[in-house]
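As structure tokens, the structure follows; a few thoughts come after it.
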Amino acid sequence: KYDTKLPLGLNLYVLLHFSPVVAATFFMLQKENTWPLSWHLLAGGMILLALLTLGGILDKRGWAFRLELARLVLLAVITMLALAGSEWFGLALVLAVPLFAGFALWLASYRHVFFAPAPAADENPESWRLSEAP
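Right, here's the structure in full:
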């Protein structure tokens, strides 16, 4: 049976990021007739990217670790661009950048889970021999 064991901190990380993805999905669906197509494509793409990386994290995939870091940077940039020129930009800059940096550090603290060294092969030539039949 396929069962990956994750540290509690990584499970909490995934839960913390999955919850807003679900909320964003419902929000996007409510805006079906009011948002332009480009906004739907961007939001849908970010939702799919989040689901992909969070699933990869649950599978302890190395590519998911790298992609999640890129997703955090992309999310910070999109947040800044979306709020550029608004009265919320300063607050977003003060809150979002440290928040996403904190998420990146949280994930990085579990880097060893994704890139654990492979078990060393037994270097004893005697163990390489097939057992002789009785």
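Numbering follows the working numbering, in which position 30 of the sequence shown is assigned residue number 70; successive positions increment by one, without gaps. A virtual CB, placed ideally from N, CA and C, is assigned to each residue, including glycine.
- About 33 Å separates the CB atoms of Leu98 and Leu131; that is not less than 8 Å, and the two are not in contact.
- Within 10 angstroms of the beta-carbon of Ala148 lie fewer than 16 other beta-carbons, which makes it exposed.
- A residue is called buried once 16 or more other Cβ atoms fall within 10 Å of its Cβ, and Arg106, having fewer, is exposed.
- Closest in alpha carbon position to Ile87, among Val153, Phe66 and Tyr53, is Phe66.
- Going by DSSP, Thr44 is part of no alpha helix (DSSP H) at all; its letter is neither H nor E.
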